[in-house]
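In my numbering, the protein residues as written are 2 to 71. The next block holds one structure in the form of structure tokens; read it before the comments.
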Amino acid sequence: MQKRSDLSDVQKGMIIGFRTKGGSISETTDFVNCSHAAVVKVYRAWQNGTIQNKRRGTCGAPRAKDGRGE
Numbered sequence: 002m003q004k005r006s007d008l009s010d011v012q013k014g015m016i017i018g019f020r021t022k023g024g025s026i027s028e029t030t031d032f033v034n035c036s037h038a039a040v041v042k043v044y045r046a047w048q049n050g051t052i053q054n055k056r057r058g059t060c061g062a063p064r065a066k067d068g069r070g071e
């Protein structure tokens, strides 16, 4: 069994998807092969909005703004 910190982004997505579709916690642990606590923590973090996509626009130059706010 894996801890929450050992889970890949794919496994976290599987947990979120399986739970969102109505799967129970025990069914999710069997499906993803991780601990009960990991499922609860990942799903709760997703519900609270603390899981963020790491690939959001964090690269490149900032957008230039002129006097009109464009």
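Positions of the beta carbon are idealized from the N, C-alpha and C atoms, including for glycine.
A direct Cα-to-Cα measurement between residue 45 and residue 11 gives close to 17 Å. In the DSSP annotation of this structure, residue 66 is not part of any alpha helix (DSSP H), being labelled neither H nor E. At the C-beta level, residue 20 and residue 29 come within 8 Å of one another.
When the five nearest sequence neighbours on each side are left out, the beta carbons in the same chain lying within less than 8 Å of the beta carbon of residue 32 are those of 15, 19 and 24, in order along the chain.
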